[in-house]
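Working notes for the structure below.
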Amino acid sequence: MGRRILMVVAPKNFRDEEFIIPKQVFENSGFEVIVASKGVKQVTGMFDAIIRVDIDIEKVDVTDYEVIVFVGGSGSSIYYEDKTALELGKLFYENGKITAAICIAPGILAKAGILKGKNATIWDSGEGNFIKMLEEEEAKYTGANVESDGKVVTANGPQAAKEFAEKIIEILG
């Protein structure tokens with residue numbers, strides 16, 4: 056088995072560029088990208104990208120991957136209270152694997168307890184509600200486009216998608 060990255064997307068309303076751009080960077084760097092979601096065979100982005108799902112999040116084996124990436128977009132908030140998604144993030148983190156999220160998806164990492172005491176970033180809605188979510192879970196919000204703290208990588212939105220993916224590749228070495 057080659058080097059694999061798991062990208063977790065919401066069943067609908069994931070942010071297209073936050074999936075497409077990192078996937079391209081990962082594949083161009085020699086990684087196989089596996090797409091996971093919950094309860095669907097394909098997912099639809101906010102701008103109508105349609106992506107085939109390779110595996111349900113219920114069936115993921117952490118040992119098969121080096122990285123988990125939670126893709127953002129408004130749909131990713133469904134994972135904020137999803138036990139399977141939260142446990143998956145926690146398992147990757149506890150097993151020393153890169154655990155990453157972009158846009159509003161760092162909220163998933165925060166809710167899983169992964170960001171406690173860590174530097175992190177998240178999309179700023181202008182109302183501060185996503186930033187508040189990080190801070191309530193004791194993360195240190197930095198406001199950077201991309202933030203890494205150990206093997207945890209967060210990014211704040213589609214404009215940071217390429218830099219986000221490149222940071223993950225850099226940490227992988």
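Numbering (this note's numbering), first residue to last: 56 to 228.
Every residue gets a Cβ at the ideal spot worked out from N, C-alpha and C, and that includes glycine.
Assuming the contact rule is C-beta atoms closer than 8 Å, residue i and residue j should be a hit. Round their C-beta distance to whole Å, please.
| i | j | result |
| --- | --- | --- |
| A165 | F125 | Not confirmed; about 11 Å, so no contact. |
| I153 | V122 | 4 Å |
| K208 | I186 | Strictly speaking, residue 208 in this sequence is Val, with Lys absent from that position. With a Cβ gap of about 18 Å, V208 and I186 do not count as contacting. |
| G198 | C158 | About 14 Å; that fails the 8 Å criterion. |
Just verifying my parser: in three-state terms, what is the DSSP assignment at residue i?
| i | result |
| --- | --- |
| N150 | coil |
| G100 | strand |
| L61 | strand |
| Y134 | helix |
| S180 | coil |
| I224 | helix |
| D109 | coil |
| K195 | strand |
| V126 | coil |
| A175 | strand |
| T157 | Reading off the sequence shown, one finds Ile at residue 157, where the question assumed Thr. Looking at I157 - three-state DSSP - the assignment turns out to be strand. |
| A210 | strand |
Are any of the Cβ atoms in chain D nearer than 7 Å to that of residue i?
| i | result |
| --- | --- |
| A220 | Absent from the structure is chain D; it holds one protein chain and no more. |
Compute the distance between the beta-carbons of residue i and residue j, then report whether it is under 7 Å.
| i | j | result |
| --- | --- | --- |
| N211 | T176 | yes |
| R59 | Y120 | yes |
| A65 | G144 | no |
| Q97 | I105 | yes |
| Y148 | I133 | no |
| V108 | V95 | yes |
What is the rounded straight-line gap between the Cα of residue i and the Cα of residue j?
| i | j | result |
| --- | --- | --- |
| G181 | D137 | 26 Å |
| F219 | A91 | 19 Å |
| G183 | E193 | 15 Å |
| I224 | T99 | 26 Å |
| T139 | N174 | 24 Å |
| K171 | N68 | 27 Å |
| Q214 | E73 | 9 Å |
| E221 | K93 | 27 Å |
| G162 | D204 | 16 Å |
| M188 | V115 | 27 Å |
| A216 | V80 | 10 Å |
| N200 | L61 | 22 Å |
- [ ] Note down, one range per segment and in chain order, each beta strand (DSSP E) of at least 3 residues found wholly within the segment 65 to 101.
- [x] DSSP runs (the beta strand (DSSP E)) wholly in the segment 65 to 101: 67 to 69, 87 to 92 and 97 to 100.
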